Every structure is written in structure tokens, then in C-alpha cells.
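Protein chains in written order, with full-length UniProt numbering: chain A, 1 to 458; chain B, 1 to 245; chain C, 1 to 193.
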Amino acid sequence: MKATPTHAAAAEEFLKDEERSHWHDDTLWHVRSKRDVAAQKIPEWESLRTTASQIKDNVLSNLDQLLLQFEKNAIENGIEVLWAKDADEHNQHVLRILEENQVKNLVKSKSILTEECGLNHFLEDKGYDVVDTDLGERIIQFNKQVPSHIVMPAIHLKKKEIGDIFHEHLGTDAGADDPAYLTEAARQHLRQKFIQAKAAITGVNFGIAETGGFVVCTNEGNADMGTHLADLHIACMGIEKLIPRAADLGVFLRLLARSATGQSITNYTSHFHRPRPGKKMYLILVDNGRTNQLGREDFRNSLKCIRCGACMNTCPIYRRSSGFSYGSTVPGPIGSILSPGMDLKKHSSLPFASTLCGSCTDVCPVKINIHEQLYKWRQVITKEGPSQPSKKWAMRFGGNVMSKPKLFDMMGNLARKSLSISPRGFVYNSFNAWGKHRELPEVPKESFKEWYRKNRKQ
Amino acid sequence: MKVGLFIPCYVDQFYPQVAIASLELLESAGVDVDYPLKQTCCGQPMANSGYQEYGEGPAALFRENFSEFDYVVCPSGSCTLHTKDHIYSGKENEPKVYELCEFLTDVLKIKELTADFPFKVGIHASCHGLRGLNLAKPSELMGVEFNKPKQLLEMVNGIELIELTRKDECCGFGGTFAVLEEAVSVGMGKDRIKDHEEHGVQVITGADMSCLMHLEGILRRDKSPIKVMHIAEILNAKVSKTQNQ
Amino acid sequence: MNSSKEAIIAAIKKNKPDLLPLPEHPEYPYEDNLIEQFQSSIKLNGGTARTGEGKAAIQTYLQENFTADKQVLSLVDGITGNFDVKNVQDPHELEHIEVAILEGDWGVVENAAIWLPEDKIAHRALPFIAQHLIVLLKIDKLLGNMHEVYQKINVADSGYGVFVAGPSKTADIEQSLIIGAHGPRSMVVFLME
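Structural data, given as C-alpha cells:
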């Protein structure tokens with residue numbers, strides 16, 4: 001298997017197409033701006049964030065009891081509940097359900113969890129026809145890609161490219177790229193899939209412990225079109241998606257869509273408690289590394305995430321480098337604190353793909369201290385991650401120099417002197433990443449300390 | 001009130017004029033200010049690179065250097081934040097650390113300045129000062145607007161403060177990020193500059209010289225007429241109209 | 001099979017922090033200009049809300065917008081359609097419904113979300129499979145925000161319930177808003193006394 005490129009290398013590649021990078025940045029900035037406008041309309045915005053964060057604090061500190069309560073109530077509602085330690089067990093559950101019910105074709109609405117588990121490939125390898133029904137997901141499924149954003153999966157593609165994809169897969173007119181025309185083609189195509197499907201898979205936005213039901217949010221209505229026509233509904237849920245009370249939805253639903261896209265709510269917010277008469281409803285509760293993350297004190301509250309994607313839209317690095325540069329199911333700032341917990345080695349460059357600007361923390365509707373966790377992952381990675389001897393040596397050397405005032409003054413002097421007398425070609429060489437597109441500061445005659453000695457300490 | 005001036009290592013070495021302006025500002029406000037000569041660095045470069053332990057030596061030296069002071073004042077939001085988060089723990093007997101602007105607005109409660117600076121100025125809101133120290137209300141947070149650096153700049157005669165399209169987006173410096181993620185870093189810097197350029201800014205200012213050093217590096221490479229100046233230089237500026245013409 | 005459950009619960013017990021308190025339900029009462037607020041909210045979601053009219057207006061709206069050969073399904077007393085839902089066993093039979101007329105239980109003005117529990121929609125698929133949706137909502141059923149509506153409803157009372165806040169929509173192609181992704185291509189709410 002090919003080694004995962006570092007974020008920096010993948011980002012550099014994406015940035016080579018300057019026009020596309022700017023387009024990507026502008027598109028997502030526009031979404032961030034819409035979020036600001038929506039949040040500004042809510043005077044209690046900041047206190048809602050605090051409440052949401054506190055509810056999730058309670059959930060994480062009481063997760064075992066809440067899960068048991070949730071399971072008990074769900075079973076009483078007639079939902080079959082399954083538990084999965086990891087991705088493989090999750091996929092096996094789905095496979096067994098499909099086999100037991102003799103279902104071969106299924107429709108799926110958006111679920112980042114099933115992406116995380118690699119469910120589509122798993123089922124396709126076994127001969128199943130898995131149809132993603134969210135428009136963005138269907139586009140990237142045709143294009144054999146994974147989502148580049150958790151809310152807007154095809155945000156990296158331009159309408160021209162989508163037109164070409166639809167021309168190939170749906171027979172739309174060559175060169176046609178009008179979004180209304182393309183959406184209509186997808187509607188006609190997917191309606192047939194909805195009508196034919198025997199099983200529907202959905203994700204879960206919120207599981208309600210006190211009622212044993214769950215909530216799924218969409219704008220397209222695709223989760224509902226799928227589940228209400230199919231004989232069985234399989235809902236896949238990460239164990240952290242729980243909330244204690246139904247009324248907590250009031251807090252989370254006010255925050256979720258506004259943070260995600262600037263809408264006041266998704267057009268459909270569906271509450272599932274019981275299967276339709278004679279039909280089946282399954283709920284798979286998945287760990288897949290979540291309980292490990294719960295045990296990491298510095299990183300556990302990353303599990304508060306409600307997958308709104310606001311941190312991606314605001315992140316100046318995500319916007320300019322695109323989701324694929326992260327090489328993880330959940331990209332962007334939140335992905336950069338979740339993914340190292342899943343595979344430290346593979347994702348060791350992600351916590352460094354940040355200036356620690358903190359914008360992610362301030363937009364997060366559940367107040368995850370994302371940038372502080374990035375800082376903390378850096379401390380872990382330098383000890384437990386892939387070794388970087390030269391960087392380590394440089395940092396130790398720097399720490400030494402900075403601990404010794406006389407040495408610091410001498411080194412500073414030396415550096416300034418050598419910079420001022422060195423030929424340009426010597427300073428701006430291929431090892432000087434700073435100087436590739438930037439000048440170094442002009443070298444002053446004396447340091448402030450030298451000036452101070454002369455002018456104040458005589 | 002004894003104030004110790006902390007000058008970040010790279011400012012000491014490359015931007016002495018920023019340190020001089022900071023010192024003069026404090027002196028002219030009648031503050032008893034001293035600059036401990038054994039100071040070096042707060043240790044942030046090591047810590048942000050994931051080697052917090054190599055910043056312990058500089059941190060210990062820092063505590064030693066400033067143990068006698070009531071306040072530490074520093075013309076950098078980023079270094080101030082690191083000092084507050086990782087060198088001190090907020091105990092009673094420790095000096096209180098302030099970034100220069102917030103020291104002027106919150107402690108000295110400066111109401112007027114004698115500075116003249118007849119130019120079109122764009123403010124670069126450096127992230128650590130903005131979101132870490134609350135020097136202004138970040139655009140992500142809802143609530144009442146405030147902006148301490150802007151409040152001070154508005155006291156400068158002749159200045160024209162320019163509104164930007166993205167008023168507080170990161171410039172892409174980020175310490176070692178600037179070299180590790182060179183492509184993104186430079187891309188972000190160029191976009192920031194474009195925002196200032198499009199609004200006719202002549203001078204980009206801010207409370208962190210590190211961000212400005214990055215932007216200046218790009219501006220100079222691209223032979224742009226736009227200059228960068230630390231906010232202390234502007235607040236301490238004595239530029240008359242004739243010099244402008 | 002339950003070994004995974006036990007393993008997960010055990011891991012949580014071992015790894016979870018000390019119990020942190022669950023905050024009280026917040027209240028942010030909102031009661032200004034409910035009708036205007038609802039209208040502006042639904043407009044942003046891609047729908048429309050009309051006011052000051054009776055059921056006759058819905059009937060007129062149907063006549064003006066839908067030809068007689070289209071299937072019209074009404075679940076609202078006093079509005080007549082041409083499709084009898086009583087005979088429908090399988091929701092697939094709703095495939096060609098052109099317009100469904102439903103009555104909402106509650107409407108939330110901050111976002112135009114209308115609560116439709118299972119017993120108000122006959123079949124769960126109906127509000128989605130219909131090409132167009134008309135919803136009648138009594139003005140005294142308007143509430144300020146989501147906190148208020150969750151105090152009024154018990155979500156577990158029905159096996160399924162949905163907040164519908166507008167027509168089916170998508171912006172997955174270059175963020176261009178398109179109404180009519182899979183479900184209704186339009187949604188009109190009639191606010192009535």
C-alpha cells in the first residue's frame with residue numbers, strides 16, 4: 001500500500017491549481033459567512049453553545065448508563081439493537097441483516113460512520129448494489145471518490161465536472177452543467193432506486209436515551225424517501241451521538257444547521273421511534289475507537305462533535321487545501337484531532353496542518369477546544385509518532401540557546417552578521433522553505449538589547 | 001507599579017525599532033518600565049512544534065527574569081498568550097502578563113495619544129491576540145463588538161483605518177507552520193495581502209510582528225509598495241503631513 | 001453476540017470521567033410577530049406561507065395549480081381531493097401523488113419547522129413522495145422556538161414524527177440552491193385562524 005502523503009505535500013499539490021484553490025476557498029468562506037448571519041439572529045447563541053457543550057459533558061461522563069437506557073427503550077419500541085466494537089463487526093452486522101432478509105439492493109442516506117467503516121466497499125465486494133442517495137454522495141459515488149467534506153461531500157467538484165459525470169452515468173446532455181437540470185436528472189434516477197429498494201441505511205444525528213428513538217436530519221428528504229418505502233431500516237450510530245432527553249434536541253437543532261450551512265434548520269428533521277407495522281428497524285451502536293478516545297483526558301471532548309462541519313468551513317487551511325489533503329474520513333480541524341486517536345502514525349501530520357488560529361474552536365457549536373487539542377496532539381506525536389531526528393535536534397538546540405542569555409545574544413549577533421554578509425544565492429537556496437516565496441527580514445545594525453545598553457543602561 | 005518589558009527574541013534581533021517604540025510608549029505614559037537584559041525567548045517555537053519540554057529552560061529563565069515585576073508587558077499577542085498559558089499558572093504572587101495594546105487600554109486606560117500617522121492603515125488581527133487574549137471580538141463569536149488595537153489607532157491623528165472583507169482571517173504564519181506547510185502558508189499570506197491591497201491600504205499594522213514579518217516577506221518579494229509596521233510604531237509615530245507628500 | 005456490548009460498556013466505565021451535571025432546559029421565550037417571523041423563515045427555506053385566508057383558498061389554490069388528471073390527496077377536513085388514502089396498504093401506491101394536503105400540529109416561527117406526527121400524515125412516506133405539499137396550520141399553534149415546541153410534544157407518542165420546514169432541496173452542485181431534490185418541489189403553508 002502506498003504511504004499516506006503528509007498534509008503539506010497533498011496541500012501543495014492542490015494549491016498548484018491556484019484558480020481552483022481560490023474557488024474552493026471562496027465557496028466555503030461563503031458558507032461560513034452564512035453561518036455568521038444565522039448565528040447573529042440568535043441573541044442567546046453563545047449561551048446555547050455553552051448549554052450544548054454541558055449536555056455533551058454529561059453524556060460523556062454517563063455514557064454507559066445512557067447507552068443501556070437507550071438500548072432498553074429502543075428494544076421496547078420494537079427496534080433491534082446491535083453492538084459493534086469496530087468497523088468490521090459493524091459491517092458484518094449489516095451483511096447478516098441483509099442476508100437474513102434476503103435483500104440485495106439498498107439505498108443509503110448520508111452517514112459519515114459508514115464511510116469510517118468502509119461499508120460501501122465491503123458490501124459491493126459481496127455483490128450488493130449500494131446506492132448513495134444524497135445528491136452529493138451519489139456524485140462522488142459515480143466518481144469513485146470519498147466525501148471531501150462531511151456536510152457537502154462533493155464541494156470539491158465544479159458543476160462542469162458533475163455535468164461530465166452525469167453525462168457518463170445518467171446520460172444527461174454532453175456539456176450540460178446547469179445545476180437545476182442535473183438535479184432533476186438525479187431526482188428521476190434516484191426515484192426509481194427508492195421505489196425498488198428493499199432496505200434503507202441511514203446515519204443518526206441524535207439518539208435519545210429517555211425515549212429510545214433517534215433523529216435524522218436532511219434537506220433533500222432522501223433518508224425518509226428510503227426508509228419509508230423499504231421493508232427494513234438499518235440505522236448506524238456512533239455511541240457518542242446520544243443525548244439524554246428529547247428536549248435537548250431544542251438546543252442541538254438550533255445550533256446544528258445554523259453552524260453547518262447557515263440554515264435555521266434542515267428542511268426535514270425525522271424522529272424514528274418504532275418501525276412501520278410489519279416492517280423492521282435495526283440500530284447498530286458502534287464504538288470503533290470511541291471508548292479509547294473517551295479515555296484520553298486531553299482529547300475526550302472531541303467526542304462532543306455533532307458533525308456540522310463548521311470547523312472545516314472556517315478553517316483557512318482546509319479551505320485552501322481541500323478535504324482530500326487530510327487523508328482521513330473526517331477531514332479538517334475536527335478530523336485532525338479525531339484521526340490521530342484512530343491511527344497515530346498514519347495521521348501524524350494532521351495536528352501540524354494548522355496555525356493554531358483558533359477559529360475552529362470559536363465556531364464549534366459544542367465548544368470543542370479544537371486548537372488546544374491540536375497543540376496537545378503535537379506533544380504526543382513528537383514522543384509516540386514517527387521520529388524526526390533533525391527536527392528534534394533543532395528544537396533541543398533552540399531550547400538550549402534560549403536558556404542561556406549570553407549564548408542567545410552571541411548566536412543572534414552571529415546570525416544577523418552572517419545574514420548581512422552572505423550572498424543572496426547562499427541564503428535563498430532550496431533548503432530555505434521560508435525564502436521560496438518570501439524575503440527574510442532586513443538585518444538591523446544592532447539588536448534591541450544592544451540599543452538598550454547604549455541608550456538606557458549607561 | 002513596576003513593569004518589565006518582554007521583547008520577543010525575533011523582535012530583539014530583527015525589529016529593534018518595534019521594541020524601542022514599545023518602550024517609548026510606556027515611558028511617555030509615565031510607567032516605571034525596565035527591560036531585564038538576560039531575557040531570551042518564551043519557548044513558544046519549541047512548544048508549538050510539539051517539544052514543550054525543550055521550552056522548559058527558556059520558561060524557567062523567563063520566570064527568573066521577571067520575578068521582581070508587578071506586570072510583564074510584551075508587544076506580541078502570541079508570545080503573551082504562550083507566557084500566560086505555559087510559563088505562569090495565574091497565581092497571586094506571579095506578575096500579570098499583558099500584551100502591549102491591552103495594557104494601554106485596560107491598565108493604563110489611555111484616552112489620548114499625540115501620534116500622527118496620515119496614512120491608510122489596515123489592521124491585521126493576529127489570531128493569538130484576537131482569540132487567545134480577546135484583544136477584539138472575533139467574528140466567529142456573537143456579542144458586543146470591541147477592538148482594543150483599533151480603539152488605540154483611532155486616537156492617532158490623521159490615520160485612516162480601512163475596513164477589510166475578511167477582518168480577522170489568519171495570515172498563515174503559524175510559527176514552524178510557515179515552513180512545514182510552505183504552500184498553504186504563502187497562499188494564505190497572499191490572500192490576506194490582496195484583501196488589504198483591494199481596499200487601498202498603504203500600511204498593514206498589527207500587534208504581532210511575526211505575522212507582519214511573514215506578510216512583509218511576501219510584500220518585499222513581490223515588490224509591493226505596501227509597508228508593514230507594528231502597532232507600537234504607529235502609536236508612537238511622529239509623521240507630519242509633509243513627510244507623507 | 002452480547003460480548004461486544006459488555007466490552008463497550010466496560011471500556012466506557014473504565015475510561016469515562018467523573019459525572020458532570022446535566023444542565024436545566026434553557027428557556028428563551030419568543031413571542032413577537034409570530035406570523036411575520038414564520039413567513040420570513042419559510043421563505044429562507046424555499047417555501048411560502050399565506051395568511052388571512054380560509055380553507056376555500058386552499059381549494060382555489062388546488063384548482064389553479066393542478067389539473068384534474070393529477071392525484072390530489074387531502075387529509076384535511078373540508079378540503080377535497082381525488083385520491084382515497086384509505087385503500088392504500090403499501091406506500092409505493094403513493095408514487096404518483098401530485099399534491100398532498102396535511103395539517104400540522106405545531107409551527108415554530110424561528111425556522112418554520114412544522115411538526116407532523118405519524119397520525120397526521122397517514123403514511124410516513126406521504127410528505128416526501130408527493131410532488132407538492134400544502135400544509136394547513138392554525139395560527140394559535142405557532143410557537144417561538146424549538147425549546148417551546150419540545151415542551152409541547154412527546155416525540156415518543158408516535159412511532160414516527162417529522163419537522164418539515166420547507167420543500168425538498170439541495171445545494172450539492174456548487175452550492176446552487178435547487179428546490180425539489182427527491183421530495184416535494186414546493187411547499188405552501190396556509191396559516192389560518
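Just so it is clear, CB atoms sit at the ideal spot from N, CA and C, and this is done for glycine as well.
For clarity, every value in this text was computed on a predicted model and none was experimentally measured.
Contacts that residue i makes with chain B (C-beta to C-beta distance below 9 Å)
i, result
"M410 (chain A)", "By Cβ distance, chain B contributes nothing, its closest Cβ being about 11 Å from M410 (chain A), past 9 Å."
"M342 (chain A)", "Near M342 (chain A) there are no residues of chain B at all, since even the closest Cβ is about 19 Å away, more than 9 Å."
"D64 (chain A)", "Ordered by position in chain B, no residue passes the 9 Å Cβ test against D64 (chain A), which lies about 33 Å from the chain."
Within 8 Å, strictly: CB atoms of residue i and residue j
i, j, result
"A199 (chain A)", "L98 (chain A)", "yes"
"Y98 (chain B)", "T80 (chain B)", "yes"
"K304 (chain A)", "V366 (chain A)", "yes"
"G129 (chain B)", "K137 (chain B)", "no"
"I139 (chain A)", "G203 (chain A)", "no"
"I97 (chain C)", "Q63 (chain C)", "no"
"A178 (chain B)", "P75 (chain B)", "no"
"K167 (chain B)", "S139 (chain B)", "yes"
"G212 (chain A)", "E76 (chain A)", "yes"
"N145 (chain C)", "Y30 (chain C)", "yes"
"L294 (chain A)", "M237 (chain A)", "no"
Per-residue contacts from residue i into chain A (C-beta, under 9 Å)
i, result
"S210 (chain B)", "The premise fails here: S210 (chain B) is roughly 10 Å from chain A at the closest Cβ pair, so nothing lies under 9 Å."
"P91 (chain C)", "H228, L229 and R276"
Per-residue burial, residue i [other beta carbons within 10 Å of its own, 16 or more giving buried]
i, result
"S387 (chain A)", "exposed"
"W393 (chain A)", "exposed"
"H230 (chain B)", "buried"
"D84 (chain C)", "exposed"
"residue 467 (chain A)", "With chain A represented from 1 up to 458, any question about residue 467 (chain A) goes unanswered, as that position is not in the structure."
"A353 (chain A)", "buried"
"L37 (chain B)", "exposed"
"G309 (chain A)", "buried"
"G78 (chain C)", "exposed"
"N244 (chain B)", "At N244 (chain B), the pLDDT of 42 sits below 50, so the modelled position is not reliable; the number obtained from the coordinates is stated separately. Flag for N244 (chain B) reads exposed."
"V203 (chain B)", "buried"
"S302 (chain A)", "buried"
"residue 545 (chain A)", "The structure shown does not extend to residue 545 (chain A), since chain A is modelled only from 1 to 458, so the question has no answer here."
"S102 (chain A)", "The displayed chain sequence assigns Gln, not Ser, to residue 102 (chain A). Exposed, since its Cβ has fewer than 16 Cβ neighbours within 10 Å."
"E68 (chain B)", "exposed"
"G278 (chain A)", "exposed"
"Q40 (chain A)", "exposed"
"M410 (chain A)", "exposed"
"M1 (chain B)", "exposed"
"H147 (chain C)", "buried"
"E240 (chain A)", "buried"
"R254 (chain A)", "buried"
"H7 (chain A)", "buried"
First and last residue of the uninterrupted beta strand (DSSP E) at residue i
i, result
"A130 (chain C)", "Note, A130 (chain C): premise wrong, no beta strand (DSSP E); not H, not E."
"L232 (chain A)", "L232 to G238"
"C74 (chain B)", "Y71 to C74"
"E71 (chain A)", "Not the beta strand (DSSP E): E71 (chain A) falls in the alpha helix (DSSP H), residues L63 to E76."
Residue i, enclosing alpha helix (DSSP H) - first and last residue
i, result
"D26 (chain A)", "E18 to Q40"
"K2 (chain B)", "Per DSSP, K2 (chain B) belongs to no alpha helix (DSSP H); it is in the beta strand (DSSP E), K2 to L5."
"A260 (chain A)", "D248 to T261"
"K160 (chain A)", "K159 to L170"
"E372 (chain A)", "I370 to E384"
Partners in chain A for residue i, counting only beta-carbon separations shorter than 8 Å
i, result
"L37 (chain B)", "P405, K449, Y452, R453 and K457"
For residue j and residue i, believed in contact at Cβ under 8 Å, the rounded distance
i, j, result
"R438 (chain A)", "R221 (chain B)", "6 Å"
"T183 (chain A)", "A181 (chain C)", "6 Å"
Amino acids of chain C, ordered along the chain, whose beta-carbon sits closer than 8 Å to that of residue i
i, result
"A235 (chain A)", "None at all; the shortest Cβ gap to chain C is about 13 Å."
Per-residue contacts from residue i into chain B (C-beta, under 7 Å)
i, result
"H437 (chain A)", "V186, I218 and R221"
Partners in chain A for residue i, counting only beta-carbon separations shorter than 7 Å
i, result
"D140 (chain C)", "Within 7 Å Cβ-Cβ: nothing; D140 (chain C) doesn't reach chain A, min ~21 Å."
"N236 (chain B)", "Neighbours of N236 (chain B) on chain A: none; closest Cβ ~14 Å, over 7 Å."
"Q52 (chain B)", "Q379"
"N15 (chain C)", "T291, L294 and G295"
"A132 (chain B)", "It is Gly, not Ala, that sits at residue 132 (chain B) in the sequence shown. Neighbours of G132 (chain B) on chain A, chain order: G358."
"F38 (chain C)", "Those do not exist, as F38 (chain C) stays about 11 Å from chain A at its closest Cβ, beyond 7 Å."
Check: residue i C-beta below 7 Å from any heavy atom of the ligand FAD
i, result
"R319 (chain A)", "In the structure on display, the ligand FAD does not appear, and there are no ligands present to speak of."
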